[in-house]
């Protein structure tokens, strides 16, 4: 069972993302956290073992702690360094993309408007990090 | 020997009539010897010096003086005055009566003229000094025992200095700067000290706050610890510059705010817009069987309208970024660029037959990515607006207009009435309906902004139903002051 953690606060976006993920990967277990602080508490607390073979989908505009800060914390923690983090955002700021790449995001997806386009983008994520039963990240 | 002497020699009788003059004497005054017969030295003396000459010679005759040694003016044969140095001695008989006078004559005209010029120029410079607009001060640096400049003393100032500083000469001359202007900025003393020590002149702009004025000063070392300074007041300029700088900062803030505003609008609207489009699609996919055709059509319209807003927002953001994007310029083969873009259109729609005529070998200088975008929109318009033509022709080339090289893109498409030409380059302005021709009117606005960024010019020429020509020119070389490095935004 593959575990995906979606950190996202907008209910519509959660619904749409879940809809697309279920379509692509019916076996996946999708956990959703809707608050930046809750996400950090989880990852550095109960979810400390949320590492191997898993994947994080991370929004940028989040309450309390924003996605870029979460990314920075994760990538600075040796335990999580190999956990792929995909930024999933509607941010159009060029500086956000730049920072995300600076902090070590494994992929940056600007959420497209249409369902088909979003599905295609998510397929790319699955091909890159969880294709054909491989663990999510290469090298382990 | 008398005739070959290097100085003029003259002998006159007791009544000062010329008896004999040597060659030199004659040549200095330009006379032939026979012309001098019967003339007295007073005949030859310049009227200005006649009285002086008579008096001295009378004294010599009376024996009051032993000889005459003076500078005076003779008139040459042509009447022009000539400065000479003359000595005259009396030759007396045994009864002490004057028998004759012998004089020597030396041409000192060149020296006298130089002296006169010098004197005139001194007067001129003094006048200039007194009347010039710039303040002038001659000063002497004062050093302490350690050789550090601590103050300076005003030796001389001109009236303009008083006018500019409001300090009268008697309050300044002979006093030190700190005595004359208590509270004067130490930076003045430091700067002048440096000039005196290094001997290197400097141009500075500094305030004297106790006088409430700003001065631009050029100062140089005159000799030893003396220096001179020329002042002009620049208070207004400094204030205006400050004002301008503040305005520019405010403007920059406003631009930043506007940019931030458009970003946050775009970002804030994207999420709900995405929900509208996605849920409309979900209804289409999952609820299709439960909807009648009318409702399916409604849902389709919602989705399309949502997508349309999204596209427009992206274009608008893109358009607003064009203003701040950093230009990276190089030589551009614009013919190759046009050929490649045209090839793309023909490949995407092979059914359309368009007669492309692209002049080869045209080069320009600019940001290749931006120019490609501009050219894309121009060719795309030409392609679009010839789509209802049986024999479409699109030309790209270069021509000369008013002596300037100008690129043009010409099509034989639908054209437009020049009455609407003004709005052509405004974003989202359309001259044809969306049903007739695809697009939402951002293309030419993008092109114009790109050409503007290059400091070029763009204009159109068209007739309804008779095709369109768009002209644009680009400066040949880089425009100084344009930023050339830095990151591209929004990449």
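Residue numbers (my numbering), protein chains in the order written: chain Y, 1222 to 1361; chain U, 36 to 526.
Virtual Cβ for every residue (Gly too), placed ideally from N, Cα, C.
Query raised in the report: What in chain U is Cβ-close to residue 1237/Y, meaning under 9 Å?
Result: 309, 310, 313, 314 and 317
Requested in this report: Give the straight-line distance between the Cα atoms of residue 455/U and residue 501/U, rounded to the nearest whole angstrom.
Outcome: 15 Å
Query raised in the report: With burial defined as no fewer than 16 other Cβ atoms inside 10 Å of the residue's Cβ, what is the status of residue 88/U: buried or exposed?
Result: buried
**Report entry** Own chain residues within Cβ distance below 6 Å of residue 345/U, not counting five before or after
**Finding:** If we look at residue 345/U and ignore the five residues flanking it on each side, its Cβ neighbours are 308.
Query raised in the report: CB-CB under 8 Å to residue 381/U, same chain, minus the five flanking residues each way: which ones, in chain order?
Result: 387, 389 and 391
**Report entry** As assigned by DSSP and simplified to three states, the class of residue 491/U
**Finding:** Correct three-state label for residue 491/U: coil.
Query - Contact belief for residue 45/U with residue 138/U at Cβ below 8 Å, rounded distance in angstroms - result: 5 Å
Report task. Report yes or no: do the stretch 1328-1340 of chain Y and the stretch 1307-1316 of chain Y share at least 3 C-beta pairs separated by less than 8 Å? Result -> yes
Query - Nonlocal neighbours in the same chain, by C-beta distance under 8 Å from residue 1261/Y, ignoring five residues either side - result: 1286, 1291 and 1294
**Report entry** Nearest-angstrom Cα separation, counted from residue 146/U out to residue 153/U
**Finding:** 10 Å
Query raised in the report: Who does residue 174/U pair with in a DSSP beta bridge?
Result: 189/U and 262/U
**Report entry** Segment contact, 8 Å Cβ cut-off, at least three pairs: the stretch 244-263 of chain U with the stretch 279-289 of chain U
**Finding:** no
Requested in this report: Output, in chain order, the set of chain U residues within a Cβ distance shorter than 8 Å of residue 1344/Y.
Outcome: Correct list: empty, because the minimum Cβ distance to chain U is about 16 Å.
Report task. Check whether the Cβ of residue 1233/Y lies closer than 7 Å to any Cβ atom in chain U. Result -> yes
Query raised in the report: Which of the three DSSP states, helix, strand or coil, is assigned to residue 42/U?
Result: coil
Query raised in the report: In three-state terms, what does DSSP make of residue 412/U?
Result: helix
**Report entry** Any 3 or more C-beta pairs closer than 8 Å across the stretch 149-169 of chain U and the stretch 121-129 of chain U
**Finding:** no
Report task. Answer yes if the stretch 190-209 of chain U comes into contact with the stretch 217-236 of chain U, meaning at least three C-beta pairs across the two stretches below 8 Å, and no otherwise. Result -> no
Report task. Would you decide whether residue 515/U is buried or exposed? Buried here means 16 or more other CB atoms lie within 10 Å of its CB. Result -> Since pLDDT at residue 515/U reaches only 48, below the 50 mark, its modelled position is unreliable, and the value read off the structure follows with that caveat. Flag for residue 515/U reads exposed.
Report task. Tell me, to the nearest whole angstrom, how far the beta carbon of residue 397/U is from that of residue 370/U; I am working on the premise that it is less than 8 Å. Result -> 4 Å
Report task. Please confirm whether any heavy atom of the ligand PLP lies closer than 6 Å to the CB of residue 1319/Y. Result -> This structure simply doesn't include the ligand PLP, nor any ligand for that matter.
Query raised in the report: Using the rule of at least 16 other Cβ atoms within 10 Å of the residue's Cβ for burial, across every protein chain shown, is residue 1358/Y buried or exposed?
Result: Residue placement at residue 1358/Y is poorly supported in this model, since its pLDDT is 43, which falls under 50; the coordinates still yield a value, given next. Burial call: buried.
Query raised in the report: Of the choices 1269/Y, 1234/Y and 1249/Y, whose alpha-carbon is the least far from that of residue 1255/Y?
Result: 1234/Y
**Report entry** Coil, strand or helix - residue 82/U by DSSP
**Finding:** helix
Requested in this report: Would you check if there are 3 or more beta carbon pairs closer than 8 Å linking the stretch 179-186 of chain U to the stretch 201-208 of chain U?
Outcome: no
Requested in this report: Could you confirm whether any beta carbon from chain U is found closer than 7 Å to the beta carbon of residue 1322/Y?
Outcome: no
Query raised in the report: So, do the stretch 263-273 of chain U and the stretch 159-179 of chain U have three or more beta carbon pairs nearer to each other than 8 Å?
Result: Three or more pairs of CB atoms, one per stretch, sit closer than 8 Å, so the stretch 263-273 of chain U contacts the stretch 159-179 of chain U.
**Report entry** Buried versus exposed call for residue 186/U [16 or more other C-beta atoms within 10 Å across all chains shown]
**Finding:** buried
Requested in this report: Have a look at the DSSP bridge pairing and note the partners of residue 179/U.
Outcome: Within the DSSP bridge table, the entry for residue 179/U names no partner.
Query raised in the report: Going along chain U, which residues have a C-beta under 7 Å from residue 1257/Y?
Result: Within 7 Å Cβ-Cβ: nothing; residue 1257/Y doesn't reach chain U, min ~16 Å.
Requested in this report: Can you grab the Cα-Cα spacing for the pair residue 412/U / residue 478/U, in whole Å?
Outcome: For residue 412/U and residue 478/U, the distance between alpha carbons rounds to 5 Å.
Query raised in the report: Taking all protein chains shown into account, do 16 or more other C-beta atoms lie within 10 angstroms of the C-beta of residue 445/U, making it buried, or fewer, making it exposed?
Result: Burial call: buried.
Query raised in the report: Hey, residue 323/U and residue 337/U: beta-carbon distance below 7 Å or not?
Result: Result no, Cβ atoms of residue 323/U and residue 337/U do not sit closer than 7 Å.
Query raised in the report: Checking contacts by CB at 7 Å: is residue 1336/Y closer than that to chain U?
Result: In terms of beta-carbon proximity, residue 1336/Y lines the interface with chain U, with at least one pair separated by less than 7 Å.
Query raised in the report: Closer than 7 Å, CB to CB, is residue 303/U near chain Y or not?
Result: Not a single CB atom of chain Y sits nearer than 7 Å to the CB of residue 303/U.
Query raised in the report: Grouping DSSP H, G and I as helix and E and B as strand, with all else coil, what is residue 1276/Y?
Result: strand
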